[in-house]
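Here is the structure we will look at, set down as structure tokens.
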Amino acid sequence: MYCENINLIFFSPTGTTKRIIEAIGNGFNNRNLNRIDLTLPDARQHTFQSKKEDLLVIAVPVYMGRIPLLLSDWFKEFTANETPTIAVVVYGNRAYENALLELSDILTSCGCRVIGAAAFIGEHSFSSKEFPSSVGRPDQTDLKQAYYFGNLLDNLIDSFDHSNEIPSIDLPGVRPYGGVTDLWHLDFIDRNDRCTNCGLCIDNCPTGAINKSDSASIDINRCTLCCACIKYCPMEAKSIKQGPMKEAALRCTKFTERKNPEIFLPDSKRR
Ligand SMILES: Cc1cc2nc3c(=O)[nH]c(=O)nc-3n(C[C@H](O)[C@H](O)[C@H](O)COP(=O)(O)O)c2cc1C
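Residue numbering for the sequence shown follows the working numbering, beginning at 519 and increasing consecutively.
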């Protein structure tokens, strides 16, 4: 089965998922790479219909062991036609729980044929100098594994004549997925006087939650706690306030044992 076009579809508020999916894409040889970045609100207004002869790679971060709820509307409109698809989640070195299974189930219900799946590790969204967790991930070792994963799939895809020959993949996780998808609605971002009103936090907010004329004012009902506003600030003017989010950030620092990427292929065991 020759797939000339590869669509890299991702949601990545703080950029780690994007780095992983780019490395996976680089593992493919002589194919056209097309990127669909769902991070900003306007991009999620456009639906996507994939063709049978395309290959999709879809990568999202893990939020509370699940996939981010704000993508559910986009997935409701998304349709595939037995399109071979690679499902990827990126998590902050705690756990991905049922997220990969959930993503694979959603993709299958949209008409995808999941040919490979993987869980990678990224720096935790809540990580800071004060509360570091999985700092610098994905690092060179992770990116090499992502590249290797892409390369493996590059060869595997050609070994099938038709996508309906792809056997199902056994993924970790349980149904119903459980956990929490409706995240806290919290006023948790502090802004100090280093802020120059450059607007980068406003431009990078995945839900348009930051007031365009006052970056200190955040609509807590739209905020998804992604921390992009903190991570993209060149002046380090934003941080997590005292309270439940700071406590959550502290808890994340306890997961110090390095987790490694996990790769799942049809009829294969974990690698
Ligand atoms: C609201 C929220 C919930 C999260 N839940 C988890 C989790 O359950 N397990 C985990 O290991 N990391 C969790 N993370 C961390 C992210 O999955 C991780 O940092 C990921 O690399 C972020 O991707 P991005 O850089 O593409 O935004 C969470 C992050 C946020 C913002």
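Where a beta carbon is used, it is the ideal one built from N, C-alpha and C, also for glycine.
- Leaving aside the five residues before and after Ala727 along the sequence, list all residues of the same chain whose C-beta is less than 7 Å from its C-beta, in chain order. Ile736, Asp737, Arg740 and Cys741
- Query: Just curious, the alpha helix (DSSP H) that Ile728 is in, first and last residue?
  - Reply: Per DSSP, Ile728 belongs to no alpha helix (DSSP H) and is neither H nor E.
- Item | Ile639 beta carbon less than 8 Å from that of Ser651 | no
- Among all the DSSP beta bridges, which residues are the ones paired with Phe644? In DSSP, Phe644 forms no bridge with anything.
- Item | Endpoints, the alpha helix (DSSP H) within which Lys662 is located | Gln658 to Asp676
- Query: Can the beta-carbon of Ser568 be found less than 8 Å from the beta-carbon of Asn599?
  - Reply: yes
- Message: So, with DSSP's three-state summary, where would you put Asp555?
- Response: strand
- Query: Is the region 528–545 touching the region 659–672 in the sense that three or more CB pairs, one from each, lie closer than 8 Å?
  - Reply: yes
- Should the region 703–713 be called in touch with the region 572–580, which here means at least 3 C-beta pairs below 8 Å? no
- Item | Backbone CA spacing between Leu589 and Asn729 [nearest angstrom] | 22 Å
- How about the region 706–716 and the region 545–562: do they share at least three Cβ pairs that are nearer than 8 Å? no
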